[in-house]
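S.K.: Below are the structure tokens for one structure; questions will follow.
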Amino acid sequence: MGPIWRISKYVWPQWHRIAVIFIAIAISSLLLSLSFVSIVPMLKVMMGQEGLHGYVDRKITSDRYGLQFYVPDQAEILDPNNVDVERYLLVTKVKKDSTAEAAGLRPQDYIIGADDYLVSKSEEKIPTLSLLKDLAMSPGNRTFEIHYRRLDVNGNPQFYHTTLKVEHEPFYLGGVRKLMSYVPVFPTRENKLEAIKVIIVVLVIFTVIRCIATFIQKYLANKVTFIAITNLRKDMFNRILYMPVSFFDKRNSSDSVSRIHRDAQMLSVGVSMVLGKAIREPMQALSLLGFAMLLNFKLTIIFLISAPLTMGTVVWLGKRIRKATKKSLKIAGVMLGKLSEAFGSVRIIKVYNRQEYEREKFENIINNMLKHLLRISKADSATGPIMEVLGMLAGSAALLFGIHWVLSGGIDESEFFGLLLLLGAAAESVRKSSDIWNNIQQSNAAAERIFDLLDEPEEFEKPDAQTMETVNGRIEFRDVVFSYPSSTKPVLNGVNLTVQAGHNIAIVGPNGSGKTTLVNLIPRFYDVDSGAVLIDGVNVRDLKLHSLREHIGLVTQNIVTFNDTIAANIGYGKNGATTDEITAAAEKAKAHEFITQIPNGYEAKIGEYGAGLSGGQLQRIVIARAILKDPAILIFDEATSQVDAESEAKIHSAIEEIMSRRTTIIIAHRFSTVISADIIVVMDKGRIVAQGKHDELIRGCTLYQN
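Now the structure itself:
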């Protein structure tokens, strides 16, 4: 079954519901089979061969003693020359090691008396129905006498008697006695109608109970599935939150979104099927086949000859479906990424008139996805017809043999018709099961992608990592070498830098010089290849991640806001922040002035991508978030690169106000942002080429001058 079984971790805690599901399916399957089996006694009543009492008594006698009797047809009963046809029980089969065999009975014996209906105690010829009832309904744990007639080698009848030992009563005998008491004994027209009414009432009761059980099973299966998938999605999201940043560098975020949404949805289909159809239909088929075997074992085995070939075909098609599904799910992630990219860049697409280019790219993705979906559809569509053809061949073989045995007297017509109904219903259950394996294989492909994500390692943290309660803010880079996993050459090469606590430094340099990479090592978004990053003399790798990041604030050039209120976006910087604290942070960030001017003020929704507010306003909200956190170390990565001059002046004023009493690192290109820094660090090609005050660098560093 593969990765889909790993979902059991989320399913098994609901074992009590699963137990009820199994019980409901078992009840439903049993009652469905009994509904079909009840057709046989109805036919017996309608066809007038022996009546319902005779049929039930004959079956109980066969079960209790291992005896099978010949059932005369309507023509024999009506034949005036065959006056004895209803006055004996002709034995056709004696089961090996049965009570009847122990008593010495054998095929072709004529039972003519039993217990209370012995020839010596009553009339010479006893009705068959009386004999059958005496044998079937006899109390347990006793012996009684049997009179029978057997032909000798010359064909002359010889009369014998033997003792038949009755074991304990079958568990069902009391219930059958009670039920049959409502059915008249003699098969007159009126009595037949009464018997059929009883059978119909029983059928209605079976159907009502079966439908209630089916409802319980389906509802609980869906409940178990929804709870399991919900908890799985929670774990997936939680795992993603604790993934290292490098995970997001190498994988498209849309792929992860697709796994949480689409893949989990596909997995839920498989789980729901495993808890429903995958149990219900096979159990119904097995139940129906079980009752069919009770009617005629040989014909049922003939019907099952196609089972191995059917199973092999289903498994082969399932493998093809799983392979194609995995590819289609991967492409679905790519498609989701393309859609997100296009919708987010619609202004650029329009202004450069690249609609046709984007359309062609999307069509290539979607056509590739279509190719794999058609492969899935082809295999899935072939499964049902193949199973139907194989089932028809097996059914035809069973039908041919059955007709031969009916004509030769090996099985009576009513039982053969009932057997056909049971086998037909079993075949229908098998046909309904044809898509189970295919759907499970599709879910398997989804489960493989989901658990690949869950198996990704979280950010590394030493088991004995320290907690830093207070931080002064002294930062030191010692011989730091770092390269990205996808890069062959280092981005940082031998960087040494010390930032004193409470100082503010500016890092400048051309694009690709390693500025952002350097500051990303402080909160351990990445780990160095060699060397060390220290805070207050402690290696950041020796600190608990939560403890380390608790003392760091970050404002990037990519403005990150959430689809929530302004107050919630600012309050994101401190868990449980009060309204006064949020307002005070906004005032320091020069954001309070515009927040109070917009409708709903702090309760206004920012919306997706910060719609409705300018870039400068959004940046000041982000700075207010950092101020509210009140970190010992504050990092500004190109915080004013995307705003106008007026907004830059206000942001710069806010930054200057909050830089006091904390270590601040500013990455910037703009002259106005870096000129007042305590130290300016100049980087190029992964190295620090100069550092000092503005006046010193403007005189002695060509790169800084440029």
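Going left to right, the sequence shown walks through residues 319 to 1024 as this note's numbering numbers them. Just so it is clear, CB atoms sit at the ideal spot from N, CA and C, and this is done for glycine as well.
So what does DSSP say about V471, is it helix, strand or coil?
M.R.: coil
S.K.: Relative to the C-alpha of I997, which candidate in Y478, A744, Q1009 has its C-alpha closest?
M.R.: Out of Y478, A744, Q1009, Q1009 has the C-alpha closest to the C-alpha of I997.
S.K.: Using the C-alpha atoms, what's the distance from A765 back to V999?
M.R.: 49 Å
S.K.: Just the Cα atoms here: how many angstroms apart are V817 and T981?
M.R.: 8 Å
S.K.: Comparing C-alpha positions only, which one of L952, A902, I888, G930 sits nearest to I939?
M.R.: I888
S.K.: By DSSP, does M977 sit in helix, in strand, or in coil?
M.R.: helix
S.K.: Could you pull the start and end residues of the alpha helix (DSSP H) that Y844 belongs to?
M.R.: Note, Y844: premise wrong, no alpha helix (DSSP H); not H, not E.
S.K.: In three-state terms, what does DSSP make of A878?
M.R.: The sequence given here places Val at residue 878; Ala does not occur at that position. It is coil, neither helix nor strand.
S.K.: Check Y328 in the structure and name its three-state DSSP category.
M.R.: Y328 falls in the helix class under three-state DSSP.
S.K.: What residue does the beta strand (DSSP E) around Q386 start on, and which one ends it?
M.R.: 385–387
S.K.: Are the CB atoms of L872 and I941 nearer to each other than 7 Å?
M.R.: no
S.K.: So F795 packs on N814, CB below 8 Å; how close in whole Å?
M.R.: 6 Å
S.K.: When DSSP labels each residue in this structure, what does M561 get in the three-state scheme?
M.R.: coil
S.K.: In the DSSP assignment, the alpha helix (DSSP H) including V355 goes from what residue to what residue?
M.R.: 333–355
S.K.: Quick check on the burial criterion: 16 or more other C-beta atoms within 10 angstroms. Buried or exposed for V522?
M.R.: Exposed, because fewer than 16 other Cβ atoms sit within 10 Å of the Cβ of V522.
S.K.: F680 to E956, Cα distance in whole Å?
M.R.: Going from the Cα of F680 to the Cα of E956 covers about 33 Å.
S.K.: How long is the line joining the alpha carbons of I1006 and R569, rounded to whole angstroms?
M.R.: Near 31 Å, if we compare the C-alpha coordinates of R569 and I1006.
S.K.: Express the C-alpha separation of P331 and T461 in angstroms, rounding to a whole number.
M.R.: 54 Å
S.K.: Compare the Cα-Cα distances from R767 to each of L839, F912, G742, R580 and report the closest residue.
M.R.: Nearest of L839, F912, G742, R580 to R767, Cα basis: R580.
S.K.: Take K411 and list the residues in its own chain whose beta-carbon comes closer than 7 Å to its own, dropping the five residues that flank it on each side.
M.R.: Q386, P425
S.K.: Starting from G428, trace the beta strand (DSSP E) in both directions and tell me its first and last residue.
M.R.: The residue you asked about is not Gly; residue 428 is Tyr in the sequence shown. Residues 428–432.
S.K.: Flag this pair as touching only if the stretch 551–559 and the stretch 576–595 have three or more C-beta atom pairs under 8 Å; answer yes or no.
M.R.: yes
S.K.: Under the assumption that L839 contacts V798 (Cβ atoms under 8 Å), give the Cβ distance between them as a whole number of angstroms.
M.R.: The beta-carbon distance between L839 and V798, rounded to whole angstroms, is 7 Å. This is short enough to meet the 8 Å contact definition.
S.K.: Using only the alpha-carbon positions, how far apart do C1019 and P808 sit?
M.R.: 24 Å
S.K.: Should T446 be labelled buried (16 or more other beta-carbon atoms within 10 Å of its own) or exposed?
M.R.: buried
S.K.: Considering just the uninterrupted stretch of the beta strand (DSSP E) at L815, what are its terminal residues?
M.R.: From DSSP, the beta strand (DSSP E) with L815 extends over 810–817.
S.K.: Quick check: the stretch 774–784 against the stretch 588–608, are there 3 or more CB pairs under 8 Å?
M.R.: no
S.K.: Exposed or buried, H910, counting other C-beta atoms within 10 Å across all chains shown (16 or more means buried)?
M.R.: Label assigned to H910: buried.
S.K.: Identify the continuous alpha helix (DSSP H) that holds N838 and give its terminal residues.
M.R.: Its alpha helix (DSSP H) spans residues 833–838.
S.K.: What are the start and end residues of the beta strand (DSSP E) that includes Q1009?
M.R.: 1005–1010
S.K.: Does the beta-carbon distance from F880 to V563 come in below 7 Å?
M.R.: Contact: no.
S.K.: What are the boundary residues of the beta strand (DSSP E) that K411 is part of?
M.R.: 407–412
S.K.: Can you give me the C-alpha to C-alpha distance between A763 and K616, rounded to a whole angstrom?
M.R.: C-alpha of A763 to C-alpha of K616: approximately 41 Å in a straight line.
S.K.: Would you mind stating whether K947 and K892 have Cβ atoms separated by less than 7 Å?
M.R.: yes
S.K.: With distances taken between CB atoms, is the gap from I758 to I597 smaller than 7 Å?
M.R.: no
S.K.: Within 10 Å of its beta-carbon, does I429 have 16 or more other beta-carbons around it, so buried, or fewer, so exposed?
M.R.: buried
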